[in-house]
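Numbering (our numbering), first residue to last: 1 to 115. To start, the structure itself, in structure tokens.
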């Protein structure tokens, strides 16, 4: 059974930093991408950052230069380092793994940027 568990969310002041982690377990074959998405109430879930199967990273324009996606293959963990946070980054952040046959989501972690 595949599980994705996010952690690291919380309340931070504008300009601050947080690092999200996504620990995944279970057998996942033919991974096409691994990434982070976010969602605010009333809006669609949007892509934040993504690793493709070839190792290329892609970022939403709104987070370029501020967020960095990384992974530790030995620990089966995906990270999202978020710097220079803005109030508009407030959302529930979800970890995602897309394989050739399935899509896996974590339960989400709340990030609130507020003074």
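Cβ coordinates follow ideal geometry from the N, Cα and C atoms, glycine included. Because the structure is a prediction, the values reported are computed rather than measured.
- Contact between residue 19 and residue 8 holds: CB atoms are separated by about 5 angstroms, below the 8 angstroms threshold.
- In this structure, DSSP gives residue 72 an extended state, which the three-state scheme calls strand.
- An exposed status is given to residue 11, since fewer than 16 other beta-carbon atoms sit within 10 Å of its beta-carbon.
- A Cβ-Cβ separation of about 7 angstroms places residue 48 in contact with residue 80 under the 8 angstroms criterion.
- If you draw a straight line from the Cα of residue 103 to the Cα of residue 84, it is about 30 angstroms long.
- Of the candidates 77, 114 and 112, the residue whose Cα lies closest to the Cα of residue 26 is 77.
- With fewer than 16 other CB atoms across the displayed protein chains lying within 10 angstroms of its CB, residue 72 is exposed.
- The beta-carbon separation of residue 93 and residue 45, rounded to 10 angstroms, does not stay under the 8 angstroms limit for a contact.
- The alpha-carbon of residue 51 is positioned some 32 angstroms away from that of residue 115.
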